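Contents: one structure, followed by commentary.
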Amino acid sequence: MATELVSTVLQVLAQTLQIYSLVLIVRVLLSWFPNLDWANPVLSTVSSITDPYLNAFRGLIPPLGGLDLSAILAFIALSLMQQLLMSASFAFAGGFGMYG
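Residue numbers (numbering that gives the first Met the number 0): 0 to 99.
Written as structure tokens, this is what we have:
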């Protein structure tokens, strides 16, 4: 029972990261349009949700010819976190057959 709960929580977290990935994709695509009004409530919300995460990687990889490559590293890290959560969820659900 408890392992099913943990497995479900891990799956929900992985799905939340999937949704966050989509918001991050939107943010990266919007960054290609320099004349957008970032004071717009929708754009401001997308920016405020994604910029703290992206800023963590901006210090690691400097822009190359005006291209912000830190987003690539951010997507890789997010994908790895999703994979880890799904693998752990699978393990808790007894997918490896070791504990159940």
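Don't be surprised by glycine CBs; every beta carbon is placed ideally from N, CA and C. Keep in mind the model is a prediction, meaning the values are calculated, not measured.
query = Is the region 5 to 22 close to the region 68 to 88, with three or more CB pairs under 8 Å?
reply = Contact between the region 5 to 22 and the region 68 to 88 is present, with at least three C-beta pairs closer than 8 Å.
ask   = Within 10 angstroms of its Cβ, does MET97 collect 16 or more other Cβ (buried), or is it exposed?
value = The predicted model places MET97 with a pLDDT of 48, which falls under 50 and marks its position as unreliable, so this point remains unresolved.
key: Where THR49 falls, given that 16 or more other Cβ within 10 Å makes a residue buried   = Classification of THR49: buried, given that the 10 Å Cβ count is 16 or more.
inquiry  = Rounding to the nearest angstrom, what Cα-Cα distance links LEU12 and GLY93 in this structure?
reply    = The C-alpha of GLY93 is placed about 18 Å away from the C-alpha of LEU12.
task = Would you give the residue range spanned by the alpha helix (DSSP H) that PRO51 belongs to?
result = 40 to 57
message = If you reduce the DSSP assignment to three classes, tell me which class LEU66 lands in.
response = strand
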